[in-house]
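What follows is a single structure, written as structure tokens, with notes after it.
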């Protein structure tokens, strides 16, 4: 069976939540899942639960330096190096007995030039035939949209942050 490419994008809440839900569904069906987070601390509430599931392998970086736009040039260089290595690691891992690969916030990593979009596109065009791939993040390029089989946009209509309510553990992270 041919694996498809999903994009969960937009400025609304739910991109990662949808990806996590699909990871759990796939694991429940006995599929092997690789879940990699980009541009996040790796401490969101879902990470611990996913790590506890036998069929899900989680890849995050513990050296998060805050928002990329606020980093020094030296920090940005190191961030790029580490996330490109993370992408290389999960790309290689996905070539062996993986059914679902989730690249959470990879679109944002590409938009900032942290992960080269050309590398992601090359991988998507040459991925194993049965590998299902999920990309999340805001503002996917037209090239990524053209490659995708599913594109779901999370549109913010209203959000508590607009009223000054901070992100809550277990709900937003």
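In my numbering, the protein residues as written are 1 to 173. We put the beta carbon where it would ideally sit given N, CA and C, even for glycine.
What first and last residue would you give for the beta strand (DSSP E) that runs through residue i?
{"i": "residue 117", "result": "Run containing residue 117: none in the beta strand (DSSP E); it sits in the alpha helix (DSSP H), 117-126."}
{"i": "residue 134", "result": "132-136"}
Over what stretch of residues does the alpha helix (DSSP H) that includes residue i continue unbroken?
{"i": "residue 36", "result": "Element bounds for residue 36: not the alpha helix (DSSP H) but the beta strand (DSSP E), 33-37."}
{"i": "residue 46", "result": "45-51"}
{"i": "residue 82", "result": "73-93"}
{"i": "residue 20", "result": "15-28"}
Would the beta-carbon of residue i be found less than 7 Å away from any heavy atom of the ligand HEM?
{"i": "residue 3", "result": "Ligands are entirely absent from the displayed structure, and the ligand HEM is therefore not among its contents."}
Quick check on this structure: which residue in the options has the alpha carbon closest to the alpha carbon of residue i?
{"i": "residue 28", "options": "16, 50, 122 and 82", "result": "50"}
{"i": "residue 153", "options": "83, 145 and 129", "result": "145"}
{"i": "residue 45", "options": "56, 110 and 17", "result": "17"}
{"i": "residue 25", "options": "173, 102 and 170", "result": "102"}
{"i": "residue 9", "options": "161, 170 and 142", "result": "142"}
{"i": "residue 11", "options": "33, 107, 124 and 52", "result": "107"}
{"i": "residue 94", "options": "81, 129 and 73", "result": "129"}
{"i": "residue 172", "options": "7, 43 and 52", "result": "43"}
{"i": "residue 2", "options": "131, 170 and 126", "result": "131"}
When DSSP builds the beta bridges, which residues end up paired with residue i?
{"i": "residue 9", "result": "153"}
{"i": "residue 144", "result": "Residue 144 pairs with nothing; no bridge assigned."}
{"i": "residue 57", "result": "34"}
{"i": "residue 104", "result": "37"}
Residue i to residue j, Cα distance in whole Å?
{"i": "residue 78", "j": "residue 151", "result": "31 Å"}
{"i": "residue 140", "j": "residue 54", "result": "31 Å"}
{"i": "residue 90", "j": "residue 60", "result": "10 Å"}
{"i": "residue 14", "j": "residue 105", "result": "12 Å"}
{"i": "residue 119", "j": "residue 109", "result": "12 Å"}
{"i": "residue 38", "j": "residue 83", "result": "7 Å"}
{"i": "residue 189", "j": "residue 76", "result": "Only positions 1 to 173 of the chain appear in the structure, and residue 189 is not among them; the question remains open."}
{"i": "residue 23", "j": "residue 70", "result": "31 Å"}
{"i": "residue 138", "j": "residue 113", "result": "14 Å"}
{"i": "residue 86", "j": "residue 21", "result": "22 Å"}
{"i": "residue 34", "j": "residue 19", "result": "11 Å"}
{"i": "residue 31", "j": "residue 98", "result": "8 Å"}
{"i": "residue 178", "j": "residue 48", "result": "Past the edges of the chain, shown from 1 to 173, lies residue 178, and the structure says nothing about it."}
{"i": "residue 52", "j": "residue 58", "result": "10 Å"}
{"i": "residue 7", "j": "residue 149", "result": "8 Å"}
{"i": "residue 117", "j": "residue 123", "result": "10 Å"}
{"i": "residue 81", "j": "residue 121", "result": "19 Å"}
{"i": "residue 133", "j": "residue 100", "result": "6 Å"}
Inter-stretch contact (C-beta, 8 Å, three-pair minimum) for the stretch 157-166 and the stretch 53-66: no
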